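Colleague: Sharing a structure with you now.
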Amino acid sequence: VGPLAGRRRPPLGRRLSFLLLLMLASPRCLLLAWAALVCGFGLALLGGPGAVRGQEQEEGVCESAAGSGVACGAAVVVQGAVDLSELPEVEAPETPDDFPRYRDVPRQKGARVWSIAELALHKGVDKQRPLVLCMLGELFDVGNGAKFYAPGHGYSLFVGQDFSRGFADTALQLEPAEMSRIEDMPAEDFQGVVGWRSFYREHNTYRFIGYLRGRYFDADGEPTDELKRVEEMQEVYAAAENFKKELKDRWRACNSRHSHDKPNFEIWCDDSYHRKGSVPVHLYAGETDSSGKQDGWCACIPTDERQAADGEAKQGGNRWRLVDYPECMPSGGQRKQEQRCERPKGSKPP
2 VGPLAGRRRP
12 PLGRRLSFLL
22 LLMLASPRCL
32 LLAWAALVCG
42 FGLALLGGPG
52 AVRGQEQEEG
62 VCESAAGSGV
72 ACGAAVVVQG
82 AVDLSELPEV
92 EAPETPDDFP
102 RYRDVPRQKG
112 ARVWSIAELA
122 LHKGVDKQRP
132 LVLCMLGELF
142 DVGNGAKFYA
152 PGHGYSLFVG
162 QDFSRGFADT
172 ALQLEPAEMS
182 RIEDMPAEDF
192 QGVVGWRSFY
202 REHNTYRFIG
212 YLRGRYFDAD
222 GEPTDELKRV
232 EEMQEVYAAA
242 ENFKKELKDR
252 WRACNSRHSH
262 DKPNFEIWCD
272 DSYHRKGSVP
282 VHLYAGETDS
292 SGKQDGWCAC
302 IPTDERQAAD
312 GEAKQGGNRW
322 RLVDYPECMP
332 SGGQRKQEQR
342 CERPKGSKPP
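This note's numbering applies: residue 2 is where the sequence shown begins, and numbers increase by one.
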């Protein structure tokens, strides 16, 4: 830290060569050069000057003069000096086993913008600092949830870095610096992550403390283009979910029964619960994902409404469609009047 903090030091070999020439050129400088040589080795071993060292290296955090974050093993390489005096004041822990906590702030423009290096200091290894979780660029003090987020516990991976994708993507095959990206995820996983963001926003004791500069917020705390795309996608997915709910309220799901000692499972509609005269039909609805799959379920549709329902689906741009189960159809192609049929276990939707 200081006026030379942003400058790159010459390679160690070049510095040693310079000192050797100095010793040969002037015997009077021998003692001084020897002292400088010893100091040079010391600095090389210690890693040189830095704003935050030691404890953070034990946490798996690497630091240098400038930059943002790249992958480093199982952690994120943090590049950039941290001025600890710039961090917010903390509230003292209630007990020796607790973590100190930051005060909550309104989740709005003007909230503090944190750097990746600052966030990386809050992984729980140093109990003098709060536990901070990042969800889609929003930071939350989760100190009173230490039994979940402290080192060695199930959710410890989610503090000290933006690991949002990991709330739904358990494969964890991306580099750590990419584990904040969600716009390429399947709809169900995408919504799962956004649902976790709502959980932290609405939690009674977790505290919002600011934004993380990076993928989702810029240096002024303004949403990035990527966050705007994420929010737009969520609106589309939410509308699709509401539409599916309307269909499920209109035509209730089929009853089903499985028995371990039988090769088939049974699906049926019941006039005492479903609309009178309903038969099992597979209803597809919602957006088609990247693999071409569309959400669907067994619904009980009254036979006297089927023709009108098919026409309505076509007029709606095929946002939804009805498909018969082959096992529920007679050989002649006419619909069975019975409301009950069997399908082989493991059979795919029609």
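Note that CB positions come from ideal geometry on N, CA and C, so glycine has one too. Predicted model only: the values in this text are computed from it and were never measured.
Go ahead and pull the three-state DSSP assignment for Asp163.
Modeller: As a working mapping, residue 163 is identified with position 162 in the sequence shown. Strand at Asp163.
Colleague: Nearest-angstrom Cα distance between Lys346 and Val280?
Modeller: Walking along the sequence shown from the start, residue 346 turns up at place 345. Walking along the sequence shown from the start, residue 280 turns up at place 279. The straight-line gap from Cα to Cα measures roughly 20 Å.
Colleague: Suppose the cutoff is 7 Å on Cβ atoms and the five residues either side in sequence are ignored; what does the same chain contact list for Pro131 look like?
Modeller: Residue numbering aside, residue 131 sits at position 130 when the sequence shown is read from its first letter. Only Val91, Phe100, Pro101, Arg102, Tyr103, His123, Asp142 and Gly144 meet the Cβ criterion.
Colleague: DSSP state of Asp226, grouped into three classes?
Modeller: Here residue 226 refers to the residue found at position 225 of the sequence shown. Note: Asp226 maps to helix in three-state DSSP.
Colleague: Nearest-angstrom Cα distance between Lys148 and Pro107?
Modeller: Working through the sequence shown from its first residue, we reach residue 148 at position 147. Working through the sequence shown from its first residue, we reach residue 107 at position 106. When rounded, the distance between both Cα atoms is 26 Å.
Colleague: Less than 8 Å between the CB atoms is what I'm expecting for Val83 and Ala118, so what's the real figure, rounded?
Modeller: For the purposes of this step, residue 83 is taken as the residue at position 82 of the sequence shown. For the purposes of this step, residue 118 is taken as the residue at position 117 of the sequence shown. Right, their Cβ atoms sit about 5 Å apart.
Colleague: Distance check for Leu228 and Pro50, CA to CA, integer angstroms please.
Modeller: Against the sequence shown, residue 50 aligns to sequence position 49. Against the sequence shown, residue 228 aligns to sequence position 227. In this prediction, Pro50 has a pLDDT of 36, which is less than 50 and means its spatial position is unreliable; nothing more can be read from the coordinates.
Colleague: What does the alpha-carbon distance come out to for the pair Ile210 and Lys349?
Modeller: In the sequence shown, residue 210 corresponds to position 209, counting from 1. In the sequence shown, residue 349 corresponds to position 348, counting from 1. If you take the alpha carbons of Ile210 and Lys349, they lie about 47 Å apart.
Colleague: Where Gln235 and Val324 are concerned, what is the direct C-alpha to C-alpha distance, given to the nearest angstrom?
Modeller: Taking the first residue of the sequence shown as position 1, residue 235 is located at position 234. Taking the first residue of the sequence shown as position 1, residue 324 is located at position 323. Going by the C-alpha atoms only, they are around 28 Å apart.
Colleague: Between Tyr156, Ser116, Arg320 and Val114, which lies nearest to Gly125 when the distance is taken from Cα to Cα?
Modeller: Here the question's residue 125 lines up with position 124 in the sequence shown. Measuring from the Cα of Gly125, the nearest candidate turns out to be Tyr156.
Colleague: Looking only at its chain, what residues have a beta carbon closer than 8 Å to the beta carbon of Pro224, apart from the 5 residues adjacent to it on each side?
Modeller: Translated into the one-based positions of the sequence shown, residue 224 becomes position 223. These residues qualify, in order along the chain: Tyr217, Phe218 and Glu232.
Colleague: Give me the Cα-Cα distance between Ala178 and His259, rounded to the nearest whole angstrom.
Modeller: Locating residue 178 in the sequence shown gives position 177, where the first residue counts as 1. Locating residue 259 in the sequence shown gives position 258, where the first residue counts as 1. About 45 Å.
Colleague: Alpha carbon to alpha carbon, what distance is there between Asp105 and Thr96?
Modeller: For the purposes of this step, residue 96 is taken as residue 95 along the sequence shown, with counting starting at 1. For the purposes of this step, residue 105 is taken as residue 104 along the sequence shown, with counting starting at 1. Going by the C-alpha atoms only, they are around 20 Å apart.
Colleague: Helix, strand or coil: which one does DSSP assign to Glu139?
Modeller: Here residue 139 is taken as the residue at index 138 of the sequence shown, counted from 1. Strand at Glu139.
Colleague: When DSSP labels each residue in this structure, what does Gly126 get in the three-state scheme?
Modeller: As a first step, residue 126 is located in the sequence shown; it is residue number 125 there, counting from the start. Before going further, note that residue 126 is Val rather than Gly in the sequence given. DSSP places Val126 in coil when its eight states are reduced to three.
Colleague: Just how far apart, CA to CA, sit Asp296 and Ala112?
Modeller: On the sequence shown, position 295 is the one that residue 296 refers to. On the sequence shown, position 111 is the one that residue 112 refers to. Cα to Cα, Asp296 sits roughly 39 Å from Ala112.
Colleague: What is the DSSP secondary structure of Pro327, reduced to helix, strand or coil?
Modeller: Residue 327 sits at position 326 when you count from the first residue of the sequence shown. Helix at Pro327.
Colleague: Looking at the structure shown, is Gly41 part of a helix, part of a strand, or coil, going by DSSP?
Modeller: Against the sequence shown, residue 41 aligns to sequence position 40. Per-residue confidence for Gly41 stands at a pLDDT of 44, beneath the threshold of 50, marking its modelled position as unreliable; the derived number appears in the next sentence. Here Gly41 sits in helix by DSSP.
Colleague: Among all the DSSP beta bridges, which residues are the ones paired with His283?
Modeller: Here residue 283 is taken as the residue at index 282 of the sequence shown, counted from 1. Answer is Cys299 and Val324, bridged to His283.
Colleague: Across which residues does DSSP place Trp115 in a beta bridge pair?
Modeller: In the sequence shown, counting from the first residue as 1, residue 115 sits at position 114. Answer is Leu213.
Colleague: Given this structure, state the Cα-to-Cα distance separating Cys301 from Met136, to the nearest angstrom.
Modeller: Residue mapping note: residue 301 aligns to position 300 of the sequence shown, counting from 1. Residue mapping note: residue 136 aligns to position 135 of the sequence shown, counting from 1. In a straight line, the C-alpha of Cys301 is about 40 Å away from that of Met136.
Colleague: Going by C-alpha to C-alpha distance, which of His204, Asp170 and Met180 sits closest to Ala188?
Modeller: Along the sequence shown, read from residue 1 onward, the residue named residue 188 stands at position 187. Ala188 has its Cα closest to that of Asp170, out of His204, Asp170 and Met180.
Colleague: Give me the Cβ distance between Glu343 and Glu267, rounded to the nearest whole Å; I'm assuming they're in contact under 8 Å.
Modeller: On the sequence shown, position 342 is the one that residue 343 refers to. On the sequence shown, position 266 is the one that residue 267 refers to. The pair is a contact, with the Cβ atoms about 5 Å apart (cut-off 8 Å).
Colleague: Phe164 and Met186 look like a contact to me (Cβ under 8 Å); what is the Cβ gap, rounded to whole Å?
Modeller: One-based indexing of the sequence shown puts residue 164 at position 163. One-based indexing of the sequence shown puts residue 186 at position 185. Not really, about 14 Å apart at Cβ, beyond 8 Å.
Colleague: Can you check DSSP and say which residues form a bridge with Arg341?
Modeller: Mapped onto the sequence shown, residue 341 falls at position 340. Beta-bridge pairing links Arg341 to Trp269.
Colleague: Comparing the CB of Ala241 with every heavy atom of the ligand ATP, is any distance shorter than 7 Å?
Modeller: The model depicted lacks the ligand ATP and carries no ligand whatsoever.
Colleague: Measure the alpha-carbon distance for Glu313 versus Ala254 and round it to whole angstroms.
Modeller: The residue given as residue 313 occupies position 312 in the sequence shown. The residue given as residue 254 occupies position 253 in the sequence shown. Each residue's alpha carbon lies about 19 Å from the other.
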